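Q: The numbering used here runs 44 ahead of the 1-based position in the sequence shown.
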Amino acid sequence: MNADPSPSLCSSRSGPQTDLLGLDLAAFRAELRARGLKAQGLAAEVWTDAFRRGVFEPERAGLVPKVAAAWREAFFLRLPVPRKLISEDGELGPTEKALVAMADGAEIEMVRIPMPPGPDGRERTTLCVSSQAGCRMGCAFCETGRGGLVRNLGAGEMVAQVLAARLLFGWNVRKLVFMGMGEPLDNFDGLSAALRVLLDSRGPAFSQERITVCTSGLPAEIGRLRGLGLKRLGLSVSLNAPDDQMRTRLMRVNREHPLDGLVAALAAYPQRASFVLGVNYCLIPGLNDRPGDAARVAGIAARLGRALVNVIPYNPGRAPIGRAPSDAEVEAFVSALEAEGVPVRRRATKGRSIMAACGQLGGSAYGGGAPGAL
Ligand code: SF4
45 MNADPSPSLC SSRSGPQTDL LGLDLAAFRA ELRARGLKAQ GLAAEVWTDA FRRGVFEPER
105 AGLVPKVAAA WREAFFLRLP VPRKLISEDG ELGPTEKALV AMADGAEIEM VRIPMPPGPD
165 GRERTTLCVS SQAGCRMGCA FCETGRGGLV RNLGAGEMVA QVLAARLLFG WNVRKLVFMG
225 MGEPLDNFDG LSAALRVLLD SRGPAFSQER ITVCTSGLPA EIGRLRGLGL KRLGLSVSLN
285 APDDQMRTRL MRVNREHPLD GLVAALAAYP QRASFVLGVN YCLIPGLNDR PGDAARVAGI
345 AARLGRALVN VIPYNPGRAP IGRAPSDAEV EAFVSALEAE GVPVRRRATK GRSIMAACGQ
405 LGGSAYGGGA PGAL
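(1) Would you list the residues whose beta-carbon is nearer than 5 angstroms to any heavy atom of ligand 1, in the order they occur in the chain?
(2) Alpha carbon to alpha carbon, how far is Thr419 from Pro109?
(3) With burial defined as no fewer than 16 other Cβ atoms inside 10 Å of the residue's Cβ, what is the status of Lys275: buried or exposed?
(4) Could you check whether Met225 and Ile157 sit closer than 7 angstroms to each other, using their CB atoms as the reference points?
(5) For Gly361, count the other beta carbons within 10 Å of its own beta carbon; 16 or more makes it buried, fewer makes it exposed. Which is it?
(6) Let me know the beta strand (DSSP E) ranges lying completely inside the stretch 132 to 164, each 3 residues or longer, listed in chain order.
(7) Thinking just about the alpha-carbon of each residue, which of Ala376, Pro60, Thr169 is nearest to the one in Asn332?
(8) In whole angstroms, give me the CA-to-CA distance for Phe120 and Gln289.
(9) Determine the burial state of Asp148: buried for a count of at least 16 other Cβ atoms within 10 Å of its Cβ, exposed for fewer.
(10) If we count Cβ pairs, one from each stretch, closer than 8 angstroms, do we get three or more for the stretch 239 to 256 versus the stretch 98 to 108?
(11) Which residues in the same chain as Leu327 place their Cβ atom closer than 8 angstroms to its Cβ, once the five residues preceding and following it in sequence are excluded?
(12) DSSP on Gly278, reduced to helix/strand/coil?
(13) For Gln176, count neighbouring C-beta atoms within 10 Å of its own C-beta (all shown protein chains included) and say buried if the count is 16 or more, exposed if not.
(14) At the level of alpha carbons, what is the spacing between Asp144 and Leu129?
(15) Give the secondary structure of Val386 by DSSP, where H, G and I count as helix, E and B as strand, and everything else as coil.
(16) Would you check if the distance between the CB atom of Ser260 and the CB atom of Glu227 is smaller than 7 angstroms?
(17) So Ile344 and Tyr313 are in contact, right, with Cβ under 8 angstroms, and what is the actual spacing, rounded?
(18) Among residues of its own chain, excluding the 5 on either side of Ser251, which ones have a beta-carbon nearer than 8 angstroms to its beta-carbon?
(19) Spatial neighbours of Arg116 within its chain, please: CB distance less than 8 angstroms, with the 5 preceding and 5 following residues excluded, ordered by chain position.
(20) Report yes if the C-beta distance between Gly98 and Leu207 is below 7 angstroms; otherwise report no.
(21) If contacts are defined as beta-carbon pairs under 8 angstroms, then Leu64 and Gly200 qualify, I think. What distance do you get, rounded to the angstrom?
(22) Helix or strand or just coil, what does DSSP make of Gln252?
(23) Put Ala184 into one of helix, strand or coil per three-state DSSP.
(24) Comparing C-alpha positions only, which one of Pro364, Asn231, Val297 sits nearest to Arg268?
(25) Please list, in chain order, all residues of the same chain as Arg73 whose beta carbon is under 7 angstroms from its beta carbon, the five residues on each side excluded.
(26) So, with DSSP's three-state summary, where would you put Asn231?
(27) To which residues of the same chain is Thr62 closer than 7 angstroms at the C-beta, ignoring the five residues directly before and after it?
(28) Just mark Arg389 as buried or exposed, buried being the case when its beta carbon has 16 or more other beta carbons within 10 Å.
(29) Is Phe72 helix, strand or coil by DSSP?
(30) With a Cβ-Cβ cutoff of 7 angstroms, do Pro446 and Leu352 count as a contact?
(31) Measure the Cβ-Cβ separation of Leu14 and Ala311 and say whether it is below 7 angstroms.
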């Protein structure tokens, strides 16, 4: 199994080609310097144009053909051509899942989640981005986890999903959640490079509060993420069980990283007073909605500081570990959390018919597999 990202499409006289979409402007300038390329004063124009239009055409910024050709040899820009599947319409518009083939054939998926329209009436989208092809975390309720990890995505391959969504699909992407295939903190270097690009004001220009990283719970990497100093970046955790025994049954990661250490890392994460941690709780009847579970979740939430619990109804995939909860069961759990004084939100299940709902990415690409072991 190769966990390394696909670094380049081909080599040139000046070394392997570098994925332009994986470089923020400062990194692009450094790479031009390192390669000794001419016309470095035009770096910003070329880089910004590439991100605006999704093509790398240094000539447009005025480079003479010979120099432009040398730049082309050094860098590539590849937008994947996604195949789109459309789910049933929801209240806010269709949830859509796109299968995306990387240059080496690895397949990932990204999902458009409709948001309420903006003040101008235009549709708006939250894009669910993948950080890995497959995933090694093996959560029992998740389709992606069944196929194991194929490889990490490079930063450029993560950024390319956003550009493809905007430029090829015309989606008005307002928010990003790293909640597609993969555990983003398991690909920390790729993720942090992608964040630098996405936040660059001369390029994609996302603000930190419009990006959320979702983790299954890797304490050391949560500390590393904090170390990036991105104080307004969103963070959410997939909790899914309030005690180690049940959490280990649902999430293998809990064996190595039990709740105590995870909660300590999360409690130490906030870098601003207004930070609110997202706590995702995939509700599986009979497993994590036992009497007392809501009170135990409340106990954890109290240790986390400001937190908002998102209750997500379980979506049975190809190898279900249980059934979907009824509306009454979801309401009962939400009410029990509210009674404990926990800020809580019930998340609607969108995209179930195309396997685009939470925990279902990878179902079509990786073909199901063995039933989840609980
Ligand atoms: S839920 Fe997330 S971390 Fe767990 S196996 Fe699926 S993709 Fe990986």
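Just so it is clear, CB atoms sit at the ideal spot from N, CA and C, and this is done for glycine as well.
Every value quoted in this text rests on a predicted model; they were computed, and no experiment measured them.
A: The structure says:
(1) In chain order, the hits are Cys179, Met181, Cys183, Cys186, Thr188, Gly189, Glu227, Ser260.
(2) This structure cannot settle anything about residue 419, because the visible part of the chain is limited to 45 through 418.
(3) With fewer than 16 Cβ atoms within 10 Å of its Cβ, Lys275 is classed as exposed.
(4) Against a cut-off of 7 angstroms, the Cβ pair of Met225 and Ile157 comes out as no contact.
(5) Classification of Gly361: buried, given that the 10 Å Cβ count is 16 or more.
(6) Listed in chain order, they are 137 to 145, 151 to 159.
(7) Scanning Ala376, Pro60, Thr169 for the CA closest to the CA of Asn332 turns up Ala376.
(8) Rounded to the nearest angstrom, the two C-alpha atoms are 48 angstroms apart.
(9) Asp148 should be labelled exposed.
(10) Judged by pairs of C-beta atoms under 8 angstroms, the stretch 239 to 256 does not touch the stretch 98 to 108, as fewer than three such pairs exist.
(11) Cβ neighbours of Leu327 beyond the five flanking positions: Asp333, Val355, Ile356, Pro357, Tyr358, Pro369, Glu373, Val374, Phe377.
(12) Residue state for Gly278 is assigned as strand, using DSSP reduced to three classes.
(13) When all chains shown are included, Gln176 counts as buried.
(14) First, the amino acid is wrong: residue 144 is Val here, not Asp. So the two alpha carbons sit approximately 11 angstroms from each other.
(15) It is coil, neither helix nor strand.
(16) Yes, Cβ-Cβ distance for Ser260 and Glu227 is below 7 angstroms.
(17) In fact, because the Cβ distance is near 14 angstroms, the residues do not count as touching under 8 angstroms.
(18) Around Ser251: Leu243, Arg276.
(19) The residues are Phe100, Pro102.
(20) Going by C-beta atoms, Gly98 is nearer than 7 angstroms to Leu207.
(21) Going by Cβ atoms, the distance from Leu64 to Gly200 rounds to 7 angstroms, so yes, they are a contact pair.
(22) Helix.
(23) In the three-state reduction of the DSSP assignment, Ala184 falls in the coil class.
(24) Selected option, being the one with the closest Cα: Asn231.
(25) Cβ neighbours of Arg73 beyond the five flanking positions: Gln84, Ala87.
(26) Asn231 falls in the helix class under three-state DSSP.
(27) The beta carbon of Thr62 sits closer than 7 angstroms to those of Ser52, Glu75, Ala118, Phe119, all from its chain and outside the five residues before and after it, given in chain order.
(28) Result: exposed.
(29) Of the three classes helix, strand and coil, the one that applies to Phe72 here is helix, per DSSP.
(30) Nothing can be reported for residue 446: it is not among the residues displayed for the chain, which extend from 45 to 418.
(31) Here the chain has residues from 45 to 418 only, and residue 14 is not among them.
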